[in-house]
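When we follow this note's numbering, the leftmost residue of the sequence shown carries the number 743, and every step to the right adds one.
In what follows, a single structure is set out as structure tokens and then discussed.
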Amino acid sequence: MGGTSGKGIAGQEEFGMRPRGFSTPLGKTFHLLISYSPFPFEQGWNRSNQYPEDCAMRNVIYVVPAPGENSLRFVRALRGLDSVRMLGIVNRRPGGIDPATAANYDHIVQVDDCMNVDQVTDVVRGFEKLYGKTHRITSALEQIQPQVAEVRARTGVEGMQPDAVARFTDKSVMKSALEKAGLPCARHTAARSPAEANAFVKKIGLPVVMKPPVGAGCRDTYLVANDDELADTLRETQPSADRPLQIEEFISGQENSFETITVNGKVHLKSVTRYYPGPLDAVRNPWIQYTIVFPKEVDEPGNRDILEVGTQAVEKLGMGSGYTHMEWFKTADGRTVISEVAARPPGVHIVPMMNYAYEQDFYRIWARAVVDDAFDGPFERKWACGVAFLRGIGSGWVSHLDGVDQISEAIGDLIVEARLPQPGVPKNSGYEGEGHIILRARDTDTIERALKFLIKTVKVYYRD
Ligand SMILES: Nc1ncnc2c1ncn2[C@@H]1O[C@H](COP(=O)(O)OP(=O)(O)O)[C@@H](O)[C@H]1O
Ligand SMILES: [Mg+2]
């Protein structure tokens, strides 16, 4: 999978890179690429207004403050496509970028702050002076989607523009658009003062959920069940015109996800997972080891509505090309309620589970959508999967684990990926814990039973 059309240039192999084959507009072999050139771009900056000789190369820019293993999987997939020149923008850090990270890019530039639109725009313009027009600018990171869209707008690069991205990042804009399209979501408001907040709560009643309109990972998210909690939360969050507070009717039900691969606004692949429990419950109950079931059948009767309304939501909110990741509820009385939808790949190991379940490379499938506006499916979902996030109660550092031998013996044949919490690793404050195990089986029941057994059996202990 994923050949390149690089013609190869002498000198690159010595840096341990596969041949990519292109020269700079200045006509010299491109060893800038491993120099992690400081911003601005060493020589070459402003010195050429020629276009690169090899116009067939498509300049794809990936922006992420600190590229970790997850980001690099997306970067490698982009770079694995035909005729892609992989350009990176990352945050400057002491000691620079390690060579193993840099080796994933053709040229990587450090800035003080990737979240700063001016700085990123300057680098994009610099890249354009060196290499010509930008083909795509992208990132899998939720928090940077608005900035990336703004940079696209300023530099005239194709892809989702700020107004469309706001419908996928600002929960208030998103829910208003969903309502307007007649799609089911929680009643909501963006309160600009404590008085507005109180008036809304009076209208819809408690409990409510309060959170920042733009956020991720349950950051500053409060379940408010009574008047005291309401007063406390308003005191803490201080809603104002500058810092509105998203308030939503509390939806009680099973929380799930719905992913799509979409190309130019048309949904091509639909996938569903079930969360046990929902992320907010996992955050509020530190003893819970969170799990996600990735059922074999997408077409289960309980999913019929989300396959329909979820698809409409993605299309009506103005998705471009790539992954979408939605969260939705199934209430006890069988209603389907959309919670939120992001225009980026899912986290929480859903992409790896898609790879295991479909026996495909969903990093590449995403990259094909983003860069080539192409979808190579349909793909057959051959397996059910599940993931358990490993953590325990306590503080400090991981001291040891219990139960690993038992699960290897009882369900070892289902384990396709395991990253066990390592002794000495600091406790993670999030619900994803310090490690995870992914299971795979031919049927969903086996996964459900095995996940329950797994989280009952594996225990993580800490010491201060
Ligand atoms: N209206 C709601 N009703 C019930 N639970 C909610 C509601 N809004 C948020 N939650 C819970 O809080 C979690 C985080 O909220 P969410 O809107 O998904 O923000 P983010 O994931 O961007 O932090 C959700 O996964 C869900 O568990
Ligand atoms: Mg969410």
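Ideal placement from N, C-alpha and C gives every residue a C-beta, glycine not left out.
Computed from a predicted model, the values in this text were never measured in an experiment.
Query                                                                                                                                                                     : Result
For a test of your reading of the model: does the CB of residue 1207 fall under 7 Å from any non-hydrogen atom of ligand 2? Yes or no.                                    : Lying outside 743 to 1206, the shown extent of the chain, residue 1207 is not represented and no answer is given.
Would you grab the beta carbon distance between residue 1181 and residue 1193 for me? Rounded to a whole angstrom, and I think it's under 8 Å.                            : 7 Å
Note down the Cα distance separating residue 1030 from residue 998, rounded to an integer number of angstroms.                                                            : 17 Å
Which same chain residues, not among the five before or five after residue 950, have their C-beta less than 7 Å away from its C-beta?                                     : 943, 966, 989, 990, 991 and 992
Can you round the beta-carbon distance between residue 1080 and residue 927 to whole angstroms, since I take them to be within the 8 Å contact cut?                       : 5 Å
Which residues bound the alpha helix (DSSP H) around residue 871?                                                                                                         : 859–873
Specify, as a first and last residue, the run of the alpha helix (DSSP H) that residue 1121 falls within.                                                                 : First-last for residue 1121: undefined, no H or E at that position.
Pull up the distance between the alpha-carbon of residue 883 and that of residue 1086, whole angstroms please.                                                            : 7 Å
Express the C-alpha separation of residue 923 and residue 1204 in angstroms, rounding to a whole number.                                                                  : 49 Å
Helix or strand or just coil, what does DSSP make of residue 1081?                                                                                                        : strand
Helix, strand or coil, according to DSSP, for residue 794 in the structure here?                                                                                          : Bear in mind that a pLDDT of 47 at residue 794, under 50, signals an unreliable position, so the model cannot answer this.
Report whether the distance from the Cβ of residue 953 to the nearest heavy atom of ligand 1 is below 7 Å.                                                                : yes
Can you tell me where the beta strand (DSSP E) holding residue 1070 begins and where it ends?                                                                             : 1064–1073
Between 1042, 893 and 825, which lies nearest to residue 1186 when the distance is taken from Cα to Cα?                                                                   : 1042
Given residue 830, which residues of its chain have a CB within under 6 Å of its CB, disregarding the five upstream and five downstream residues?                         : 804, 847 and 850
Closer than 8 Å is the cut-off here; do at least three beta carbon pairs connect the segment 1066–1083 with the segment 1165–1172?                                        : no
Using three-state DSSP, classify residue 1128 as helix, strand or coil.                                                                                                   : strand
Quick one: give me the first and last residue of the alpha helix (DSSP H) that residue 1096 is part of.                                                                   : 1092–1100
So which residues put a beta carbon under 6 Å from any heavy atom of ligand 2, going in chain order?                                                                      : 1069 and 1082
Quick one: Cα of residue 843 to Cα of residue 1088, how far?                                                                                                              : 22 Å
Using alpha carbons as the reference points, say which of 1023, 1145 and 1072 lies closest to residue 1172.                                                               : 1023
Counting only the same chain and skipping the five closest in sequence on each side, list residues whose C-beta sits under 7 Å from that of residue 1197.                 : 1031, 1033 and 1130
Determine contact between the segment 1055–1071 and the segment 1144–1162, defined as no fewer than three beta-carbon pairs at a distance below 8 Å.                      : no
With DSSP collapsed to three states, give me the class of residue 1169.                                                                                                   : coil
Assuming residue 699 and residue 890 make a contact with CB atoms under 8 Å, what is their CB distance in whole Å?                                                        : A question about residue 699 goes unanswered here, because the residues of the chain that appear run from 743 up to 1206.
In chain order, what residues of the same chain have a beta carbon less than 8 Å from the beta carbon of residue 1028, not counting five sequence neighbours either side? : 1133 and 1135
Just curious, the alpha helix (DSSP H) that residue 719 is in, first and last residue?                                                                                    : The shown model of the chain, from 743 to 1206, leaves out residue 719, and the question about it has no answer.
By alpha-carbon positions, which one of 1070, 1113 and 936 ends up nearest to residue 984?                                                                                : 936
CB of residue 913 to nearest heavy atom of ligand 1: below 7 Å?                                                                                                           : yes
Counting only runs that start and end within the segment 918–957, where is the beta strand (DSSP E) found for 3 or more residues in a row?                                : 930–933 and 950–953
Can you tell me whether residue 1164 is helix, strand or coil according to DSSP?                                                                                          : coil
Would a C-beta distance cut-off of 8 Å place residue 1083 and residue 1045 closer than the cut-off?                                                                       : no
If you check the beta carbons only, do residue 1156 and residue 1183 fall under 8 Å apart?                                                                                : yes
Give the straight-line distance between the Cα atoms of residue 1074 and residue 833, rounded to the nearest whole angstrom.                                              : 46 Å
In chain order, what residues of the same chain lie with their CB nearer than 7 Å to the CB of residue 1137, ignoring the 5 residues before and after it?                 : 1169, 1204 and 1206
For residue 1025, tell me which candidate among 964, 1003 and 982 has the shortest Cα-Cα distance.                                                                        : 964
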